[in-house]
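Final position of the sequence shown in this note's numbering is 1844; the numbers increase by one with none missing. This report concerns only the one structure given below.
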Amino acid sequence: MRRGGSANLHCRAMNILIIGAGRVGESVAESLVSERNDITLVDTDPRRLAALQDRLDLRGVAGNGIQPSVLREAGAQDCDMLIACAAADETNLVACKVARELFQVPTTIARLRSPEFEPGSPLLARGTGFGVDEVICPEASVTRYLRKLIDYPEALQVLEFVGGLVSLITVRAVRGGAMVQHSLAELPQLVPGADMRIVALYRGNTSVPLEGSTRIAAGDEVFVLAATAHVRQVLGALRQMDRPTRRLMIAGGGRVGLRLARELEGSCEIKLIEVNAERCDYLATQLKGSTLVLNGDSTDEDLMEDENVRDMDLFAALTSDDEDNIMACLMAKRLGARRVLALINRRAYADLVQGTQIDIAISPSHTVIGELLAHIRRGDVEAVHSLRRGTAEALEIVARGTARQSKVVGRRVEEIALPRGAQIGALVRGLGAADSGAHTAPRVIMAHHDTVIETDDHVIVFLPHKRMVREVERLFQVGATFF
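Shown next as structure tokens:
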């Protein structure tokens, strides 16, 4: 039977067990609790659990998540999913194995830092392996995210759907852009040949209604869906195009800093600053001679001036210390760096730096939340991206069934009972034909009021509030008779 069974199965709250209450575990728990799932959090630190129980609607169990007695106390025998995101890979692997073998947990997800455990590896398989269904790696997620921002220096965020055919870009409108000071109704004439759809517009923290007469103002945060092939054209219409990133300075040679430097070697000049001398020696062995590894403190103004931070196209502070990242970015910006980016773990800090001289603030936990949510979402949800620091979401969801079995198939967009403020921005049609070997290429279609949804369309929906997720999932469910 294809996915999309009975409404009762899909609409009930999930019983989810999370191992590890660190930064990633806390963010995952916070995101899932907000969707009214039943969450149990296991950690060896009872004080941390008590603090999270006071703040979030969840149950805490103190103990080691690899011990059967602790998992039993946490209710592993009744849970739908186990997410192991403790600090150590080995803890997460063993927790998944015990949960699978002793408690028959249906779905297991492990946070694994080591690149040795590739998804699909026999080491992770059920039965003969550790029984891990899905792997998440925050460091890899952050690096992919950073790479997109380097490829598109004008954007605040670049997220891909349907295998990269469609992109959702967030951009700050700047005076002089072709679309700035023009109404939404004028956009097709201003950017001919680039079919796109603005799905959200924020002025400060206020959402601006999307009407034909709405004008884009300088400083607005604009969320645009477009075919990936048209992204540069769309960016150029909202602001003047920046020059490509050719000079990059990275503060912090940890996992993220090293991954990013490895990926960009040869495509731009890189200076990597690391405060730990032994780590510098290791970095020098892992990177090519074209990358300059420096032993020093990125908050040292003299060092930054000596290393010509003023000439950098991008300064990226990627250390594990939020305060150092913020201070280093503010200093680099004052000294002349064109664009600065800070990796910030604490949510309160990320909210504080919005609108300051720091151009982009990235939360490692938020970059991985979308990957997790795609496994947790019901029905045919293929991809989820968390937006605006976790308050909004964009879903890629597949329309199934016939017009009699579905509330969306065979209907125009204007006829679909979406929650207030939710937008169907685009869809991709013909993926099934391409998969079956047919010569017809998939088509990217920007959604308009009279666009009709067909079965097997991959539909991209923007949700201004996460609480709308369940309602949208119910809209896309098919009848129990759909096989």
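For every residue, glycine included, the Cβ atom is placed at its ideal position computed from N, Cα and C.
Looking at the DSSP output, Ile1785 sits in a beta bridge with Val1822.
Val1523 and Ala1744 have their alpha carbons spaced roughly 8 Å apart.
Only exposed fits Gln1550, as fewer than 16 other CB atoms lie within 10 angstroms of its CB. Counting along the chain, the unbroken alpha helix (DSSP H) around Phe1837 starts and ends at Val1830 to Phe1837. Under the 10 Å beta carbon count, Asp1439 is surrounded by fewer than 16 other beta carbons and is classified as exposed.
Under the DSSP assignment, Gly1421 falls in the beta strand (DSSP E) whose first and last residues are Arg1420 to Ala1423. Under a 10 Å Cβ-count criterion, Gln1838 is classified as buried, with 16 or more other Cβ atoms of the shown protein chains found around its own Cβ. For Ala1722, the secondary structure class from DSSP, reduced to helix, strand or coil, is strand. If you ignore the 5 residues before and after Pro1483, its C-beta comes within less than 7 Å of the C-beta of Thr1489 and Gly1490, all in its own chain and listed in chain order. The three-state secondary structure of Ala1677, taken from DSSP, is strand. DSSP places Thr1812 in the coil class of the three-state scheme, outside both helix and strand. With a cutoff of 8 Å on beta-carbon distance, Gly1421 and Ala1447 are scored as not near each other.
In the DSSP annotation of this structure, Asp1672 is not part of any beta strand (DSSP E), being labelled neither H nor E. In this structure, Met1557 is the residue among Thr1680, Arg1700 and Met1557 with its C-alpha nearest to the C-alpha of Ala1546. For Val1496, the three-state secondary structure derived from DSSP is strand.
Between the stretch 1457-1471 and the stretch 1391-1402 there are fewer than three C-beta pairs closer than 8 Å, too few to call the two in contact. In the three-state scheme derived from DSSP, where H, G and I count as helix and E and B as strand, Gln1518 is classed as strand. Counting of Cβ neighbours within 10 angstroms places Pro1825 among the buried residues, the total reaching 16 or more. Phe1478 and Ala1449 have their alpha carbons spaced roughly 13 Å apart. Taken through DSSP and simplified to helix, strand or coil, Ser1568 comes out as strand.
DSSP places Ser1659 outside any alpha helix (DSSP H), giving it a letter other than H or E.
The DSSP-derived three-state label of Lys1768 is coil. Under the 8 Å Cβ criterion, the stretch 1773-1783 counts as touching the stretch 1803-1819, having at least three qualifying pairs.
Taking the Cα of Ala1678 as reference, the smallest distance to any Cα among Glu1515, Arg1835 and Arg1700 is reached at Arg1700.
Three or more beta-carbon pairs separated by less than 8 Å are not found between the stretch 1656-1664 and the stretch 1585-1600, which leaves the two stretches without contact. Secondary structure in the stretch 1570-1634: the beta strand (DSSP E) runs of 3 residues or longer, each lying completely within the stretch, are 1582-1588 and 1608-1612 in chain order.
Out of Val1833, Leu1571, Asn1656 and Met1442, the CA that lies nearest to the CA of Val1759 is found in Val1833.
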